[in-house]
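Chemist: Structure provided below as structure tokens; questions to follow.
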Amino acid sequence: MTLITFRKVLSGLFFLLFLMLFAGGERLSAILSGILPPFQFVPALLRTLAQPAALFAAGLIGIVVLTLIFGRVYCSFLCPLGALQDLLIAASRKIGLRPRHAYRPPNNLLRYAILAVAAGALVAGFQSAVSLLDPFAWWGRLVTDFVLPLLTGSYNLAILAGKPFDLYLHPRQTPFITPPALALSAAFLALIVYLALTRGRLYCNTVCPVGAFLGLLARFSLFRFAAEKNACTECARCAEVCKAGCIDPQNAAIDMSRCVACFNCLDACARTTIRYRPQIPAVRFEDWSPARRRVVLGGFAGGLALTLASFAGLRQMLRIPSAKAQTPVTPPGSGNLARFTSRCCACSLCVAACPTAVLAPSFADYGTGALLQPKLNYEQSYCDYECNVCGRVCPTGAIADLALAEKKLIAIGEAKLLEDICVVYVNKTNCGACGEVCPTHAMRFEDRENILYPEVDQRYCIGCGACQLACPTTPRSIVVEPHKTHKRAEKYPEPARRPAPPPTASGDDFPF
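The numbering of the sequence shown is the numbering used here, which starts it at 1422 and goes up by one.
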């Protein structure tokens, strides 16, 4: 098996696994979430910094070690967004587009400035910059926003087609994606498609901060691509197949900081002048000209300035409040609003796995410092009392993995009854819809002249939103207001069961 075949097989396998992680449903997502996210750079880094876990720390160290040994194999083997770009390039060749790659000088000023901004935002806790640059988060949003609705719609159509044959299955719901969030995902998808079809892996070498950081490490990798200048005929075949645009055929030079280890050049070179083998990298300080030093140091200085400014109050200034009257309800296990927004990478994995589709990506509901982070949309659905999958799949620890019994007592909000809208109070007629669906017995009813008036017992309310969804009035006469810091509800005391009557003294087995 050649290195190219090995790369294609392994990359394809991880691509399918990451696709199933977001589109495989609640159970499969819960299983794969314990295996795959630790080997994605940004989730592993966020989790290790905020709430160290052995597997995530091992994954982060493993990525660094792999890069120091083999170069940027992460970008060609493990990154699902990189695999998507490879598929787009391969598909373009199948339909006859055949994009011709060529050597392009590195745009160090831009890529290191983006890396510095991402690093500064990470330190400052300005998650919008992190989530808008993280390739794993973009992959998750693309699958959740576009692939998942297609799969769910196909499944629901199959259910309708099976009804004449007495095949009855439960249809699935899709999360509601707000138009601004959907437009942002569509714009990014268009950008990725355009760059992949015209410039290969330019996104990975110029925009992606993970690629820029791993590129710095790859400069000193043990295994390196090298061309024998004396044997090179300058035919440029290697440059034509190099998706990274990092091979300079005129000088027989390969920029390891931009090489994504696709191994295409090994097969393209007719004279086998390019080899991939262990080499001790020589650090030549004369290569670092004053201009290059200014580029790198200037980029990191910008990131440092962003970090220092954030500590001086810029972070709070940028958290512009939402146009809505209140912030959304955060998922059970997020603890409090500040903790959640500082740890969430907006990958939408919880959104994709939520069985009731109550979780939906917001746009700027938490402020501009936490764009696209998920919220509970009670106008569309409710939080299932018997479910804790969002905490089980969260890769960064923004939503804690709570035991189901503990999650059932977490009050993420409280239901507020609007008596001036409620049909019972306004029309003096019975309803009871809210009480029928409340899983914690927080809704109680007071009998006044044979009319049951609803009231909310806040001791037992957890803010699941079932009552709000069931309310028949427009607008809803019972709404959930968020707890910015989650509380602990009391457990409803189940009434004592009456003892069973003693058996009859007669020997009749059928006393009725």
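Heads up, the beta-carbon is just placed ideally off N, CA and C, and yes, glycines get one too.
Assign Gly1583 to one of three DSSP states: helix, strand, or coil.
Modeler: The residue labelled residue 1583 in the question sits at position 162 within the sequence shown. In the displayed model, Gly1583 falls within a helix according to three-state DSSP.
Chemist: Between the segment 1446-1457 and the segment 1602-1616, do at least 3 Cβ pairs fall closer than 8 Å?
Modeler: no
Chemist: Enumerate in chain order the residues of its own chain whose CB-to-CB distance from Gly1480 is below 7 Å, with the five nearest sequence positions on each side excluded.
Modeler: Position 59 of the sequence shown holds residue 1480. Same-chain partners within the cutoff: Pro1459, Phe1460 and Ala1465.
Chemist: Measuring CA to CA, which of Ala1475, Phe1498, Val1485 and Leu1487 is closest to Leu1424?
Modeler: Counted from its first residue, the sequence shown places residue 1424 at position 3. The shortest C-alpha separation from Leu1424 is found at Phe1498.
Chemist: With DSSP collapsed to three states, give me the class of Glu1915.
Modeler: Taking the first residue of the sequence shown as 1, we reach residue 1915 at position 494. Here Glu1915 sits in coil by DSSP.
Chemist: Hey, could you find the ends of the alpha helix (DSSP H) Gly1483 is sitting in?
Modeler: Numbered from 1 along the sequence shown, position 62 holds the residue referred to as residue 1483. Unbroken alpha helix (DSSP H) run through Gly1483: Ala1475 to Phe1491.
Chemist: In the structure shown, what three-state DSSP assignment does Gly1788 receive?
Modeler: Position 367 of the sequence shown, counted from the first residue, corresponds to residue 1788. Three-state DSSP puts Gly1788 in coil, outside helix and strand.
Chemist: Assign Leu1424 to one of three DSSP states: helix, strand, or coil.
Modeler: In the sequence shown, the residue the question calls residue 1424 occupies position 3. If DSSP states are grouped into helix, strand and coil, Leu1424 belongs with the helices.
Chemist: Would you call Phe1761 buried or exposed, if buried means 16 or more other Cβ atoms sit within 10 Å of its Cβ?
Modeler: For the purposes of this step, residue 1761 is taken as residue 340 along the sequence shown, with counting starting at 1. Classification of Phe1761: buried, given that the 10 Å Cβ count is 16 or more.
Chemist: Which runs of the beta strand (DSSP E), 3 residues or longer, sit entirely within the segment 1630-1701?
Modeler: 1644-1648 and 1695-1699
Chemist: Under 9 Å between the Cβ atoms of Thr1565 and Phe1443?
Modeler: Within the sequence shown, the letter at position 144 stands for residue 1565. Within the sequence shown, the letter at position 22 stands for residue 1443. In contact: Thr1565 and Phe1443 (Cβ atoms closer than 9 Å).
Chemist: To the nearest angstrom, report how far apart Cys1766 and Phe1439 are at their CA atoms.
Modeler: Working through the sequence shown from its first residue, we reach residue 1766 at position 345. Working through the sequence shown from its first residue, we reach residue 1439 at position 18. If you take the alpha carbons of Cys1766 and Phe1439, they lie about 16 Å apart.
Chemist: Per DSSP, Tyr1874 is paired with what?
Modeler: Mapped onto the sequence shown, residue 1874 falls at position 453. Tyr1874 is bridged to Glu1867.
Chemist: Tyr1615: which of Lys1837, Leu1518 and Ser1802 sits nearest, CA to CA?
Modeler: Here residue 1615 refers to the residue found at position 194 of the sequence shown. Ranked by how close their Cα comes to the Cα of Tyr1615, the residues Lys1837, Leu1518 and Ser1802 have Leu1518 in first place.
Chemist: Quick check: the segment 1660-1668 against the segment 1681-1695, are there 3 or more CB pairs under 8 Å?
Modeler: yes
Chemist: Restricting to Cα atoms, I'd like to know which of Ala1474, Ala1660 and Cys1496 is closest to Ile1484.
Modeler: By one-based count along the sequence shown, residue 1484 stands at place 63. The shortest C-alpha separation from Ile1484 is found at Cys1496.
Chemist: Decide if Gly1561 is buried, meaning its Cβ has at least 16 other Cβ atoms within 10 Å, or exposed.
Modeler: Working through the sequence shown from its first residue, we reach residue 1561 at position 140. Gly1561 is buried by the Cβ-count criterion.
Chemist: Can you give me the start and stop residues for the alpha helix (DSSP H) that Ala1604 sits inside?
Modeler: Walking along the sequence shown from the start, residue 1604 turns up at place 183. Unbroken alpha helix (DSSP H) run through Ala1604: Pro1600 to Arg1620.
Chemist: Within the same chain, show all residues whose beta-carbon is closer than 7 Å to that of Ser1678, passing over the 5 residues directly before and after it, in chain order.
Modeler: To locate residue 1678, count along the sequence shown from 1; it is residue 257. Hits under 7 Å: Gly1636, Leu1637, Ala1639 and Arg1640.
Chemist: DSSP state of Ala1826, grouped into three classes?
Modeler: Working through the sequence shown from its first residue, we reach residue 1826 at position 405. Three-state result, Ala1826: helix.
Chemist: Report the partner residues of Arg1909 according to the DSSP bridge assignment.
Modeler: Translated into positions along the sequence shown, residue 1909 becomes position 488. Beta-bridge pairing links Arg1909 to Ile1831.
Chemist: By Cβ distance, which residues of its chain are closer than 6 Å to Pro1570, with the 5 residues on each side in sequence left out?
Modeler: Along the sequence shown, one-based indexing puts residue 1570 at 149. Only Thr1595 meet the Cβ criterion.
Chemist: Three-state secondary structure (DSSP) at Pro1753?
Modeler: For the purposes of this step, residue 1753 is taken as residue 332 along the sequence shown, with counting starting at 1. Of the three classes helix, strand and coil, the one that applies to Pro1753 here is coil, per DSSP.
Chemist: So, at 7 Å on beta carbons, what are the nonlocal neighbours of Pro1527 in its own chain, with the 5 sequence-adjacent residues on each side left out?
Modeler: Within the sequence shown, residue 1527 is the residue found at index 106, counting from 1. Asp1676 and Arg1679, listed in sequence order.
Chemist: Give me the Cα-Cα distance between Thr1817 and Pro1920, rounded to the nearest whole angstrom.
Modeler: Translated into the one-based positions of the sequence shown, residue 1817 becomes position 396. Translated into the one-based positions of the sequence shown, residue 1920 becomes position 499. Each residue's alpha carbon lies about 49 Å from the other.
Chemist: Which whole-angstrom value describes the C-beta separation of Gly1834 and Pro1903, a residue pair presumed to lie in contact below a C-beta threshold of 8 Å?
Modeler: Mapped onto the sequence shown, residue 1834 falls at position 413. Mapped onto the sequence shown, residue 1903 falls at position 482. Contact flag correct, Cβ pair sits at about 5 Å.
Chemist: Could you tell me the alpha carbon to alpha carbon distance between Leu1758 and Lys1905, rounded to whole angstroms?
Modeler: As a first step, residue 1758 must be located in the sequence shown, where it is residue number 337. As a first step, residue 1905 must be located in the sequence shown, where it is residue number 484. Roughly 5 Å between the two C-alpha positions.
Chemist: Which one or two residues does DSSP pair with Ala1465 in a beta bridge?
Modeler: In the sequence shown, the residue the question calls residue 1465 occupies position 44. DSSP lists no partner for Ala1465.
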